[in-house]
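Participant: In this text, residue positions in the sequence shown follow full-length UniProt numbering: the first is 1, and each later residue adds one. Where a beta carbon is used, it is the ideal one built from N, C-alpha and C, also for glycine. Okay, handing you the structure first.
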Amino acid sequence: MTIDELRAKAAERQQTCSQIKKMIVSRLDLEIEPDWITDDQPLFGRGLELDSLDVLELYVAIEAEFGVALYDSEMAVFGSVSRLADEVNPALRAQG
């Protein structure tokens with residue numbers, strides 16, 4: 001992978017993560033700025049402290065905004081904004 005390809009991938013990841021943060025704040029009516037959420041911050045527990053109702057709302061929001069359907073078996077993607085970005089934008093997944 002060339003440096004230009006890495007830069008393009010990094011810019012795409014940043015854009016996707018920003019879009020997810022804005023969606024989370026908007027759909028869940030959080031009283032914080034989207035930029036306050038870090039890409040690797042846990043969304044549950046000591047992170048944003050989201051609950052199961054918030055997850056249901058995010059399921060609907062992700063499908064509406066990104067056209068990606070998530071299933072109960074994929075709960076791990078809600079671990080962080082970065083994990084969500086990998087799921088909604090497969091081009092961001094690490095190449096192995």
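Which residue from 16, 4, 2 and 1 puts its Cα closest to that of residue 92?
Facilitator: Locating residue 92 in the sequence shown gives position 92, counting from the first residue. Checked all of 16, 4, 2 and 1; the closest Cα to residue 92 is 16.
Participant: Work out the CA separation of residue 12 and residue 53 for me, nearest whole Å.
Facilitator: What you label residue 53 is simply residue 53 of the sequence shown in a count that begins at 1. What you label residue 12 is simply residue 12 of the sequence shown in a count that begins at 1. Going by the C-alpha atoms only, they are around 29 Å apart.
Participant: Taking one C-beta from the segment 32-42 and one from the segment 71-84 each time, how about it: are there three or more such pairs within less than 8 Å?
Facilitator: Contact holds: three or more Cβ-Cβ distances are below 8 Å.
Participant: Compare the beta carbon distance of residue 23 and residue 65 with 8 Å and say whether it is the shorter of the two.
Facilitator: Position 23 of the sequence shown holds residue 23. Position 65 of the sequence shown holds residue 65. Yes.
Participant: For residue 12, which three-state DSSP category applies?
Facilitator: Taking the first residue of the sequence shown as 1, we reach residue 12 at position 12. Note: residue 12 maps to helix in three-state DSSP.
Participant: Taking only three categories from DSSP, how would you classify residue 67?
Facilitator: In the sequence shown, residue 67 corresponds to position 67, counting from 1. Correct three-state label for residue 67: coil.
Participant: So what does DSSP say about residue 3, is it helix, strand or coil?
Facilitator: Residue numbering aside, residue 3 sits at position 3 when the sequence shown is read from its first letter. Residue 3: helix per DSSP, three-state reduction.
Participant: Tell whether a beta-carbon distance below 8 Å holds between residue 28 and residue 74.
Facilitator: As a working mapping, residue 28 is identified with position 28 in the sequence shown. As a working mapping, residue 74 is identified with position 74 in the sequence shown. No, these two residues do not count as a Cβ contact at 8 Å.
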